[in-house]
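In this note's numbering, the protein residues as written are 5 to 406.
The C-beta atom is built at its ideal place from N, Cα and C for all residues, glycine as well.
Because the structure is a prediction, the values reported are computed rather than measured.
Below is one structure, written out as structure tokens; the observations come after it.
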Amino acid sequence: MTAVVELVEHAPATGHTLRDEVGRALAAAGIVEASPDPYTPGRWLLRAGSKVGAVAVGVPGGEPVTVRITPKVPVGRLMFLLGYSLDPMGAWRDGQVDMGEHRDLLPALAHAVERQIDRALRQGLLQGYRGTEEAALVVRGRIREADQVRRRFGAVLPVEVRYDEFTPDIAENRLLRAAVERVLRLPGIPQAVRRRLLHQRSRLAEVSPLVRGRRLPSWQPSRLNARYQPALRLARAVLDGSSPEHTHGQLAIEGFLFDMNKLFEDFVSVALREALRGSGLTCRLQDPHHLDEADAIRMKPDFVAYDSAGLPVAVADAKYKAEKRDGYPDSDLYQMLAYCTALGLSEGHLIYAKGNAPHAAHTVRHAGIRLHQHALDIGRDPVGLLAEIASLSRQMGTDLPV
Numbered sequence: 005m006t007a008v009v010e011l012v013e014h015a016p017a018t019g020h021t022l023r024d025e026v027g028r029a030l031a032a033a034g035i036v037e038a039s040p041d042p043y044t045p046g047r048w049l050l051r052a053g054s055k056v057g058a059v060a061v062g063v064p065g066g067e068p069v070t071v072r073i074t075p076k077v078p079v080g081r082l083m084f085l086l087g088y089s090l091d092p093m094g095a096w097r098d099g100q101v102d103m104g105e106h107r108d109l110l111p112a113l114a115h116a117v118e119r120q121i122d123r124a125l126r127q128g129l130l131q132g133y134r135g136t137e138e139a140a141l142v143v144r145g146r147i148r149e150a151d152q153v154r155r156r157f158g159a160v161l162p163v164e165v166r167y168d169e170f171t172p173d174i175a176e177n178r179l180l181r182a183a184v185e186r187v188l189r190l191p192g193i194p195q196a197v198r199r200r201l202l203h204q205r206s207r208l209a210e211v212s213p214l215v216r217g218r219r220l221p222s223w224q225p226s227r228l229n230a231r232y233q234p235a236l237r238l239a240r241a242v243l244d245g246s247s248p249e250h251t252h253g254q255l256a257i258e259g260f261l262f263d264m265n266k267l268f269e270d271f272v273s274v275a276l277r278e279a280l281r282g283s284g285l286t287c288r289l290q291d292p293h294h295l296d297e298a299d300a301i302r303m304k305p306d307f308v309a310y311d312s313a314g315l316p317v318a319v320a321d322a323k324y325k326a327e328k329r330d331g332y333p334d335s336d337l338y339q340m341l342a343y344c345t346a347l348g349l350s351e352g353h354l355i356y357a358k359g360n361a362p363h364a365a366h367t368v369r370h371a372g373i374r375l376h377q378h379a380l381d382i383g384r385d386p387v388g389l390l391a392e393i394a395s396l397s398r399q400m401g402t403d404l405p406v
């Protein structure tokens with residue numbers, strides 16, 4: 005029997021009966037804000053932040069505990085934000101994400117991963133050339149002369165060779181297999197989806213598993229792997245996600261969490277870039293700059309647009325939450341002022357997920373810089389949401405040729 009703790013993203017703290025080691029593990033892993041109830045022994049106060057998903061905490065000698073954090077936005081909308089950020093020109097654009105009948109986040113994610121991989125593999129495993137180095141009894145490819153001398157001391161056999169092998173054991177298939185295995189370890193995956201994932205893993209049995217802790221293999225989009233690309237982008241998102249997989253004392257923590265802050269930032273940046281496609285501007289995401297002349301203070305705006313001469317014409321930063329009762333956080337304005345000052349711009353734009361305040365604009369004293377704060381309603385349907393961002397892009401400076 006598994007104990008389940010249900011939390012809602014950014015909701016007030018609630019009390020739950022937990023073993024102290026579980027509460028401490030959740031706090032240490034940064035999964036939720038967790039503190040012991042000062043008035044009730046054995047009870048912990050838990051508050052979810054911007055991370056959504058689920059984790060399972062294994063307890064030696066006791067029942068495991070699953071912590072499930074539900075996003076405030078519908079799961080279908082979250083999956084659209086994710087998919088559009090990964091592939092804005094693909095099938096995600098119209099919001100038609102294959103989640104099956106699942107309305108909880110991890111089952112929906114698992115279903116989407118399995119369906120994308122199934123589509124990728126329908127025509128069989130993609131194969132490619134992979135460089136291999138080994139000691140062989142026959143010459144194949146070319147002899148690695150330096151290694152032969154250093155390792156064999158003049159012996160004729162075995163021969164140190166290098167050759168290219170045509171094989172399905174390539175980066176693309178390794179990423180797909182790793183994503184399947186990652187999803188299979190998640191808590192709360194329905195049995196029907198799990199069976200289909202196991203079938204996909206069997207189709208990838210010839211592929212080497214990835215070694216935990218090592219860098220993920222890279223791949224380059226091409227005509228040959230076009231049918232794989234939607235699955236590869238989703239697989240990479242699963243493998244790059246905030247995925248606690250570690251131990252805390254004797255407790256094993258396993259799960260998957262989306263960081264809504266990053267998801268919103270990625271979506272807004274990509275959507276702005278797509279809205280300005282064909283405008284003649286060059287758009288860069290997470291573009292590194294420095295505030296000071298000595299290049300000691302680094303900063304990375306989420307979005308910067310440049311004209312044909314390479315001069316910045318617009319800057320924007322995305323902020324998922326504005327939770328202050330009296331409006332937007334002042335610290336965001338200071339950050340945007342620094343961006344505008346370093347880039348030499350007279351306007352800057354902060355874009356929030358719709359919260360407690362409407363659009364606002366402020367003119368900075370003695371600087372003439374105008375800072376805009378926009379509220380984006382991510383609860384809208386995908387078409388309306390993208391239209392809202394396109395409209396916002398037209399407000400980002402009078403010099404924008406949109």
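Cβ pair residue i, residue j closer than 8 Å
i       : j       : result
Met-83  : Ala-112 : yes
Gln-120 : Ala-235 : yes
Arg-23  : Val-36  : no
Leu-179 : Ala-239 : yes
Glu-13  : Val-56  : yes
Ala-241 : Leu-86  : yes
Glu-258 : Arg-189 : yes
Lys-358 : Leu-380 : yes
Ala-124 : Arg-237 : no
Met-264 : Tyr-356 : no
Tyr-88  : Phe-262 : no
Val-117 : Val-187 : yes
Leu-349 : Pro-316 : yes
Tyr-108 : Val-79  : In the sequence under discussion, the amino acid at residue 108 is Asp, which differs from the Tyr named in the question. Cβ atoms of Asp-108 and Val-79: closer than 8 Å.
Val-63  : Val-9   : no
Ala-183 : Pro-213 : no
Leu-337 : His-366 : yes
Leu-347 : His-293 : yes
Asp-291 : Val-274 : no
Asp-354 : Asp-311 : Correcting the residue identity first, residue 354 is Leu in this sequence and not Asp. Contact: no.
Arg-166 : Thr-136 : yes
Gly-46  : Thr-18  : no
Ala-139 : Glu-105 : no
Buried/exposed call for residue i, threshold 16 Cβ in 10 Å
i       : result
Ile-393 : buried
Met-93  : exposed
Glu-176 : buried
Lys-304 : exposed
Ala-15  : exposed
Tyr-133 : exposed
Arg-81  : buried
Glu-351 : buried
Gln-204 : buried
Pro-405 : Here Pro-405 scores only 44 on pLDDT, less than 50, and its place in the model is too uncertain to base an answer on.
Leu-161 : exposed
Gly-388 : exposed
Arg-398 : exposed
Arg-72  : buried
Asp-306 : buried
Gln-377 : buried
Ile-382 : buried
Thr-402 : Any reading at Thr-402 must be qualified, since the residue scores a pLDDT of 41, below 50, and its modelled position is unreliable; no value is offered.
Ser-226 : exposed
Pro-75  : buried
Pro-42  : exposed
Pro-362 : exposed
Ile-301 : exposed
Residues bridged to residue i [DSSP beta-bridge criterion]
i       : result
Tyr-88  : DSSP lists no partner for Tyr-88.
Gln-377 : Leu-354 and Ala-364
Gly-132 : Thr-171
Val-71  : Val-9 and Val-59
Lys-323 : Tyr-356
Ala-139 : Glu-164
Met-303 : His-293
Arg-227 : In DSSP, Arg-227 forms no bridge with anything.
Pro-316 : Tyr-310
Gly-19  : Leu-49
Asp-263 : Lys-55
Should the stretch 201 to 218 be regarded as contacting the stretch 170 to 181, the criterion being three or more beta carbon pairs within less than 8 Å? yes
Mind pulling the beta strand (DSSP E) runs of 3 or more residues that sit fully within the stretch 33 to 68? 37 to 40, 47 to 51 and 55 to 62
Within 8 Å, do at least three Cβ pairs link the stretch 338 to 357 to the stretch 280 to 288? no
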